[in-house]
Every structure is written in C-alpha cells, then in structure tokens.
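Protein chains: 2
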Amino acid sequence: MGITKTADYTEQQNSLAVLIKALGHPARIAIIEYLLKVDSCICGDIVKELPLAQPTISQHLKELKNAGLIKGNIEGTSICYCLDLANLNLLKNYFTKMTITLEEKENKCC
Amino acid sequence: MGITKTADYTEQQNSLAVLIKALGHPARIAIIEYLLKVDSCICGDIVKELPLAQPTISQHLKELKNAGLIKGNIEGTSICYCLDLANLNLLKNYFTKMTITLEEKENKCC
DNA sequence: AATATTTATCGTAATATTGCAATATTAAAA
DNA sequence: TTTTAATATTGCAATATTACGATAAATATT
C-alpha cells in the first residue's frame with residue numbers, strides 16, 4: 074500500500090529509520106559530503122556543485138533538515154547550512170555498537 | 074519524475090546510498106536487530122516476530138540481501154539469513170570518518 | 001522605491017515503495 | 001508419491017519520492 078506501519082515498531086527503530094532514510098539518496102549523500110568538505114556552506118554553492126535544479130536541492134535540504142542531519146541559519150539573503158554532529162554521532166554509535174556485537178559473536182551462524 | 078539521476082554521482086556515493094537506503098525502513102531495521110539478537114536466523118522466526126505478512130517480509134529480506142546487508146544460506150526447507158559484517162563495517166567506518174572530520178573542524182561554521 | 005539575488009513553495013508528471021492475497025516453488029517427511 | 005512446511009514470486013492498490021518549471025517571499029543593493 075505504500076504506507077509504512079510505523080505504529081508497530083519501537084520509537085527508536087522509527088526515528089533511526091527516518092534518520093537513515095534521509096541519507097539514502099546519492100544527492101543527499103553528495104550534499105552531506107560537500108558540507109563536510111567546505112567551510113562555507115551556503116545553498117547557492119550546492120546548486121552550482123550538483124547537477125540538480127535549485128528547487129530540487131532546496132527540497133533535499135529540507136529533508137535533511139527535517140531528519141536532523143543538518144541545521145540551517147539564516148544569514149542575510151542566503152542560508153548557512155551545517156551538519157548536525159549530534160545525529161551523525163548517533164548513527165556512528167549505532168553502527169559501531171552493531172559491528173562490535175557482531176564481531177563478538179564471531180559470525181557463529183552460517 | 075521519481076527517478077534518481079545516479080549517473081551524476083560517484084560510484085561510491087551511489088553504492089553507499091543503496092546500502093543506506095536499504096536500512097531506511099523500520100521493518101528492515103527491526104529485521105537487522107533481530108538477526109543481531111538471536112543466534113538462529115531463519116525467516117520463519119522473523120515472520121512470527123514482526124507484524125507483517127510473510128510475502129512482505131520476504132520482500133524486505135530480498136532488499137536487504139540485494140543491498141548486501143545480509144546473506145542467505147539455503148538449509149533444507151528453510152533459509153538461514155545472517156548479517157554481512159563487511160558492509161556493516163563499511164557503514165561504521167563511513168560514519169566514524171565523518172564524525173572525526175567534523176569534530177576536527179570544531180563546527181567552525183554556524 | 002525599483003531591481004537583483006537567494007532560497008522556498010506550489011503544482012504536477014513520472015516513477016518507486018509498501019503491503020498483502022493468491023499462487024508458485026522447493027525440499028523434507030510420511 | 002502425496003503431503004506438509006518454508007520461502008519466493010506475481011499482481012495489484014495505495015501511497016511516497018524524485019525532479020522541475022513557475023512563482024512567491026525575503027532581504028540587499030542601487
């Protein structure tokens with residue numbers, strides 16, 4: 074049906090899925106990597122950098138912001154978008170914990 | 074248009090997006106977490122565990138397998154699905170590197 | 001005030017995803 | 001060999017996503 078049954082999962086699973094899903098698109102990965110690379114982080118730069126129209130990029134930025142991966146500060150005519158360290162750390166910790174658990178089990182199964 | 078312009082991004086960005094996208098759904102996160110929790114990992118168990126119909130779970134498992142997050146070994150009538158440590162490590166390393174880079178910059182911007 | 005610049009929003013078309021019932025497939029068990 | 005059990009595939013309806021042109025909104029600049 075195209076609708077996800079969020080009610081049936083834990084809060085943690087749902088919020089994690091939102092965060093991860095937001096990164097599950099090459100354009101948004103490219104945006105994140107660009108923000109990581111440069112010091113200045115204005116939307117206009119990204120429009121020049123990526124092969125997408127301005128409204129499309131604006132939309133991707135909105136999704137990244139809604140998910141909590143980036144923050145946006147208004148600065149005159151332009152907007153300064155920056156990475157949100159807290160949530161990126163959350164993802165890092167999640168995968169770190171997971172791989173440690175998995176290595177401890179020594180891949181017994183299979 | 075609903076179609077992603079993959080041709081315009083790097084190989085790394087595209088394959089990473091596929092991997093991350095596969096985890097961007099609470100059902101698939103729940104499946105991964107279940108595989109991490111239990112030692113035996115047969116699809117039937119997951120059907121009992123999750124509030125989804127068997128075809129739906131089969132589909133999610135297929136997506137996880139295509140993305141390279143899990144591996145499946147046929148074992149008689151049932152199939153043993155297991156986590157793929159290599160790709161989970163890849164994700165771990167990606168986010169670790171990212172957060173380290175970001176912390177080094179001390180969030181100068183904004 | 002008029003103009004330029006930057007970013008957001010709206011509307012819309014094309015495509016993808018989610019979920020399930022029905023059915024097929026495959027291999028073990030009887 | 002028929003039956004049973006486990007998983008996959010097909011087909012389909014409902015909804016979500018992706019992308020962009022047109023346009024709006026907000027602030028700087030002239």
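Same order as they appear, the protein sequences are chains S and Z. For what it's worth, my numbering labels the leading residue of the first sequence as 74, then goes sequentially. For what it's worth, my numbering labels the leading residue of the second sequence as 74, then goes sequentially. Glycine residues also receive a C-beta, built at the ideal position from the N, C-alpha and C atoms. Predicted model only: the values in this text are computed from it and were never measured.
### Query
Beta carbon of G141(Z), beta carbon of D157(Z): below 7 angstroms?
yes
### Nearest neighbour of T150(Z), chosen from L108(Z), G117(Z) and A126(Z) [CA to CA]
G117(Z)
### Cβ neighbours of L134(Z) in the same chain (closer than 8 angstroms, five flanking residues each side left out)
I104, C116, I119, I143, G145 and Y154
### Message
I need the boundaries of the beta strand (DSSP E) containing L156(S), first residue and last residue.
### Response
S151 to L156
### Query
Does the segment 91–105 of chain S touch the segment 75–91 of chain Z, meaning 3 or more C-beta pairs lie closer than 8 angstroms?
yes
#### Entry: Top-ranked residue by Cα proximity to N160(Z), from V91(Z), K78(Z) and V111(Z)
V91(Z)
### Message
For K170(S) and E176(S), what's the separation of their Cα atoms in angstroms?
### Response
10 angstroms
### Task
Please confirm whether I185(S) and G97(Z) have their CB atoms less than 7 angstroms apart.
The structure shown does not extend to residue 185(S), since chain S is modelled only from 74 through 183, so no value can be given for it.
### Query
So is P128(S) in contact with chain Z if we call contact Cβ pairs under 7 angstroms?
no
### Message
Output needed for E122(Z): all residues of its chain with C-beta closer than 6 angstroms, excluding positions within five of it in sequence on either side, in chain order.
### Response
Y107
### Query
In whole angstroms, what is the alpha-carbon distance linking F168(S) and K178(S)?
15 angstroms
### Query
For D81(Z) and chain S, any beta-carbon pair shorter than 7 angstroms?
yes
### Task
Output the distance between the C-alpha atoms of A126(S) and L89(S), rounded to the nearest integer angstrom.
29 angstroms
### Query
Below 7 angstroms between beta carbons: does that hold for A95(S) and L137(S)?
yes
### Task
Drop a sphere of 10 angstroms on the beta-carbon of T172(S), count the other beta-carbons inside from all chains shown, and report buried for 16 or more, exposed for fewer.
buried
### Query
For D81(S), which of P124(Z), Q132(Z), N162(Z) and E148(Z) has the nearest alpha-carbon?
P124(Z)
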